[in-house]
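Sequence order for the protein chains is A and B.
Using the numbering used here, the first residue of the first sequence is number 72, and each one after it goes up by one.
Using the numbering used here, the first residue of the second sequence is number 47, and each one after it goes up by one.
Cβ coordinates follow ideal geometry from the N, Cα and C atoms, glycine included.
Here the structure is laid out as structure tokens; the discussion comes afterwards.
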Amino acid sequence: MIDFDFIRVKTLDKALKFLQEKGSVTRLLAGGTDLLIELRGLTLDDPAAPRYILDISGIEELKDIREANGSLSIGPLTPHSKIASSKLVKRYAPCLAQACSTIGAVQHRTVGTIGGNIINASPAADSVPALIVLDAEVTFKSAKGERRSLLKDIFIKPYQTNIQPDELLTEIRFEKLPEGAKTSFIKLGRRNALAIARMNIATVVILKEKIVKDIRISPGSTTPMPDRIRIAEEVLLGKVPTKELILTAGQKVSEEMIRRSGVRWSTPYKKPVIEALVARALRQALGMEEGAIEN
Amino acid sequence: MKKIVLKIKVNGKKYRLKINPNFRLLDLLRDQLRLTGTKEGCGIGECGACTVMIDGSPINSCLVLAGQCEGKEVLTIEGLEVEGKLHPLQEAFINQGAVQCGFCTPGMIMSAKALLDHNPQPSEEEIKEAISGNICRCTGYRQIVEAIKGAAGKSG
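Structure follows, in structure tokens:
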């Protein structure tokens with residue numbers, strides 16, 4: 072394990088002050104479930120090796136799940152276990168509760184945080200597609216000020232965000248889904264527990280008199296940066312959702328995957344599977360029955 | 047690398063330790079406190095052999111820096127025995143043949159204890175989910191699930 076100095080801060084102000092001076096040689100410690108694995112992989116002369124580990128896990132003001140004017144506000148230090156079991160999240164953003172309940176195993180969810188999941192920026196992150204279909208916004212603070220962004224806009228490439236060394240994620244916020252909104256989240260892994268998502272999918276569907284009024288589709292581990300796939304959403308928007316249209320939406324997602332990522336060694340597997348996964352997630356959200364054979 | 051001072055409670059005993067900041071909780075427990083019941087199976091949080099409880103919740107001690115545990119209470123497998131009497135989970139594991147090589151056992155028992163502390167009468171599905179972060183290469187898990195069922199309702 073590499074050497075570093077360990078600094079613990081209890082308030083946001085102290086954290087921002089430290090990052091203003093030393094942010095570029097500091098890594099943040101929240102839950103540690105991604106950080107410690109990364110640190111183990113570093114050698115002493117690695118340029119990515121941090122000089123300081125800043126333990127922010129004790130900053131109480133970053134740990135809440137709150138209702139705020141028709142929105143839910145989630146502190147980045149909230150552990151996945153708390154989000155998965157939160158009455159507020161289960162009611163107003165069920166796909167997020169489901170997503171967080173699939174991350175790692177019990178041991179990871181106890182201490183791992185939603186902020187850490189976002190900042191690690193893995194294309195296979197589970198909370199991220201769920202947050203994207205909630206049109207989540209994130210807030211970053213620094214000693215210099217504050218900025219807000221749509222969550223999906225912070226990802227530059229796999230494992231990289233546009234977060235500056237002096238910035239700290241302080242809030243994740245999204246509007247509560249209206250009564251009657253339907254959501255789904257499906258994770259495909261090599262095993263049922265403690266698995267990285269081979270692919271995952273989050274959807275939100277809002278119907279008005281049987282017609283799709285609003286629909287949001289975000290697949291994970293499918294495109295280099297997570298996003299909503301509008302071209303698939305448009306297949307169903309303003310229409311009565313039928314099994315045929317749902318299958319077409321799935322095909323649009325696979326076409327978009329290939330357009331953005333190119334044809335890769337994984338494409339023969341991912342193409343039919345993402346189509347089926349999207350269709351299954353939409354049928355699940357809409358409460359449609361699963362047939363024995365996909366037609 | 048500046049050493050840090052850590053105040054921590056382990057198995058009910060208070061410690062004030064001066065440690066290297068790059069110690070994981072696992073290193074603190076095994077190397078410094080000589081509590082070698084907790085095992086390192088993979089070091090990357092994928093096997094659960096290092097599972098201990100912090101403030102009542104199960105975590106992988108290979109993924110936690112010791113410094114993160116300031117002011118916290120840690121419970122390891124050694125903390126289950128009370129005045130020479132084994133915990134019902136430990137008894138059940140022995141009686142049900144749930145211990146073969148024994149390497150996964152401490153972590154498995156800590157995950158089981160975390161379950162029973164919150165849910166004294168779990169279903170078989172709930173038991174399987176509670177231990178889904180712990181890998182066993184010997185038993186095939188059946189005896190482990192039976193042992194946890196047997197211990198359920200008997201733990202205080």
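Look at A/LEU107: its C-beta is under 9 Å from a C-beta on chain B.
The alpha-carbon of A/ASN271 is positioned some 12 Å away from that of A/ALA350.
Across the structure, A/LYS161 and A/THR104 are spaced so that their CA atoms are roughly 24 Å apart. Check the Cα spacing between B/ILE100 and each of B/GLU127, B/THR82, B/ILE123: the tightest is with B/ILE123.
Within the DSSP secondary-structure output, A/GLN231 pairs in a beta bridge with A/LYS228. Under the Cβ distance rule, A/LEU265 counts among the residues neighbouring chain B, one pair being separated by less than 9 Å.
Under the three-state reduction of DSSP output, B/PHE139 falls in the helix class.
Beta-bridge analysis with DSSP links A/ILE317 to no other residue. Residue environment: A/ALA352 is assigned as buried (16 or more neighbouring CB atoms within 10 Å of its CB, all protein chains considered).
Chain A places no beta carbon closer than 9 Å to that of B/VAL145, leaving this residue out of the contacts. Going by beta carbons, B/LEU135 and B/ALA158 fall inside the 9 Å limit.
Listed along chain B are LEU111, GLN114, each with a C-beta nearer than 7 Å to that of A/LEU100. Those residues of the stretch 162-183 of chain A placed with their C-beta closer than 8 Å to a C-beta in chain B are GLY175, ALA176, VAL177, GLN178, HIS179, THR181, VAL182, ordered along the chain.
Beta-bridge annotation (DSSP): A/VAL334 is not paired with any residue. Around A/ARG111, the beta-carbon contacts reaching into chain B at under 8 Å are GLY89, ILE90.
Taking 9 Å as the cut-off, the beta carbon of B/SER107 is found closer than this to the beta carbon of B/THR84. From the beta-carbon of B/LYS48, the residues of chain A found nearer than 9 Å are ASP76, PHE77. Judged by pairs of C-beta atoms under 8 Å, the stretch 322-337 of chain A does not touch the stretch 244-258 of chain A, as fewer than three such pairs exist.
For the stretch 124-136 of chain A, the residues whose beta carbon sits under 9 Å from a beta carbon of chain B are, in order, ILE124, ASP126, SER128, GLY129. When DSSP states are grouped into helix, strand and coil, B/ARG80 belongs to the coil group. Distance from the Cα of B/GLY117 is smallest, within the candidate group B/LEU126, B/LEU63, B/CYS88, for B/LEU63. Contact residues of the stretch 53-70 of chain B toward chain A are ASN66, PRO67, ASN68, PHE69, ARG70 (C-beta to C-beta distance below 9 Å).
Here the stretch 81-90 of chain A lies against the stretch 227-239 of chain A, with 3 or more beta-carbon pairs under 8 Å apart. The DSSP-derived three-state label of B/SER103 is strand. With respect to chain A, the C-beta atom of B/ASN180 has a partner C-beta closer than 9 Å. Within the stretch 116-151 of chain A, the runs of beta strand (DSSP E) that reach at least 3 residues and sit entirely inside it are, in chain order, 123-126, 136-139, 142-145. Residues of chain A with a Cβ closer than 7 Å to the Cβ of B/THR185 do not exist; the shortest Cβ-Cβ separation is about 17 Å. Non-local C-beta neighbours of B/VAL51 in its own chain, meaning closer than 6 Å and more than five positions away in sequence, comprise LYS64, ordered along the chain.
For the pair of segments examined, the stretch 191-209 of chain A was found to touch the stretch 279-293 of chain A: the number of CB pairs separated by less than 8 Å reaches three. Taking a contact to require three or more Cβ pairs closer than 8 Å, the stretch 143-152 of chain A and the stretch 184-191 of chain A qualify as touching. Secondary structure of B/THR151 (DSSP, three-state): helix. At a beta-carbon threshold of 9 Å, none of the residues of chain B lie near A/ILE154; the nearest stands roughly 15 Å away. Chain B places no beta carbon closer than 9 Å to that of A/ILE190, leaving this residue out of the contacts. Taken in chain order, the complete beta strand (DSSP E) segments of 3 or more residues contained in the stretch 174-217 of chain A are 208-213. Counting every other CB atom within 10 Å of its CB across the protein chains shown gives A/GLY141 a total below 16, marking it as exposed. The C-beta of A/MET359 comes no closer than 9 Å to any C-beta of chain B.
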